[in-house]
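What follows is a set of notes on a single structure, which appears directly below.
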Amino acid sequence: LQIMQLWRLIQFLKNSGRFSQGQFGKSQGSSSISNEEAYKLLGLSKGCSKEEVLKAANQLQKKIHPDMNINLKTERLSQLVNEAKDKIIKSDFS
């Protein structure tokens, strides 16, 4: 399951074009990720709880930590995971 989530994150980044520095510069401060993309990125479905969102984001952050994956550009991955978590929490639990 852990490898699938990491693979899904990398595929999402490649397909969305958000892995370039330009995209991240534009998206900081305002969310450019859609709700559907956020759920897909975290591997969740629409009816999940806030705790499940936080748990999924936390687990994914651990998987992409530089100590675990030295070859990944973890700062950008981490930004996208945080953006997805914030988008879901703000739109569905506020």
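Be aware that the sequence shown starts at 989, since it is given in the numbering used here, and climbs by one per residue.
Think of the CB as a built atom: it goes at the ideal place given N, C-alpha and C, for glycine as much as any other residue.
#1: Run through DSSP, which three-state label would Asp1055 get?
#2: Under 8 Å by Cβ, that's how I've got Asn1023 and Lys1075 pegged, so tell me the actual separation to the nearest angstrom.
#3: Tell me which residue opens and which closes the alpha helix (DSSP H) that Ser1033 is part of.
#4: Taking only three categories from DSSP, how would you classify Gln1011?
To lay it out plainly:
#1: To locate residue 1055, count along the sequence shown from 1; it is residue 67. Of the three classes helix, strand and coil, the one that applies to Asp1055 here is coil, per DSSP.
#2: Looking up residue 1023 in the sequence shown gives position 35. Looking up residue 1075 in the sequence shown gives position 87. Yes, Asn1023 and Lys1075 are in contact; Cβ-Cβ is about 6 Å, under 8 Å.
#3: As a first step, residue 1033 is located in the sequence shown; it is residue number 45 there, counting from the start. Ser1033 -> no alpha helix (DSSP H), and no H or E assigned at all.
#4: Translated into positions along the sequence shown, residue 1011 becomes position 23. With a pLDDT of 43 at Gln1011, under the threshold of 50, the predicted position of this residue should be treated as unreliable, and no value is reported.
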